[in-house]
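Trainee: Under our numbering, residues 404 to 478 are what the sequence shown spells out, in order.
A virtual CB, placed ideally from N, CA and C, is assigned to each residue, including glycine.
Given the structure is predicted, the values throughout are model-derived calculations rather than measurements.
After the structure tokens below, expect a handful of questions from me.
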Amino acid sequence: MEGISVNSKAISPIDALWALIQTQSKTVRKALMERLMQDEQILDAQHKDVKDSLNKAFEELYEGKAKHNARELFA
404 MEGISVNSKA
414 ISPIDALWAL
424 IQTQSKTVRK
434 ALMERLMQDE
444 QILDAQHKDV
454 KDSLNKAFEE
464 LYEGKAKHNA
474 RELFA
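Okay, here's the thing in structure tokens:
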């Protein structure tokens, strides 16, 4: 492992994390990258679900097909 040298007394959390990641083996860095990509895919799927749901709700509203009173849904 390589040593880490810091020229500044103040280091941001992201820089500290990056320095820690850089000292890890290639296998660990690859596993971290895969985990981050997997998490990103999950978030993208959740965002798509919300977007699709809102698009459907607005489409029903504009077409006059909305059957629920929004005020009663959350009462």
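Would you give the residue range spanned by the alpha helix (DSSP H) that GLN427 belongs to?
Mentor: Translated into positions along the sequence shown, residue 427 becomes position 24. Here GLN427 belongs to no alpha helix (DSSP H), and DSSP marks it neither H nor E.
Trainee: In whole angstroms, what separates the C-alpha of GLN441 from that of TYR465?
Mentor: Along the sequence shown, one-based indexing puts residue 441 at 38. Along the sequence shown, one-based indexing puts residue 465 at 62. If you take the alpha carbons of GLN441 and TYR465, they lie about 36 Å apart.
Trainee: What did DSSP end up calling ILE445 once you bin it into helix, strand or coil?
Mentor: For the purposes of this step, residue 445 is identified with residue 42 of the sequence shown, where counting begins at 1. Looking at ILE445 - three-state DSSP - the assignment turns out to be helix.
Trainee: CB ARG432 to CB ILE445, shorter than 8 Å?
Mentor: The residue labelled residue 432 in the question sits at position 29 within the sequence shown. The residue labelled residue 445 in the question sits at position 42 within the sequence shown. Contact: no.
Trainee: ILE417 by DSSP, collapsed to three states: which one?
Mentor: By 1-based counting over the sequence shown, the position of residue 417 is 14. Correct three-state label for ILE417: helix.
Trainee: Any idea what DSSP makes of ALA358, helix, strand or coil?
Mentor: Residue 358 falls outside the range modelled here, since the chain spans only 404 to 478, and no answer is possible.
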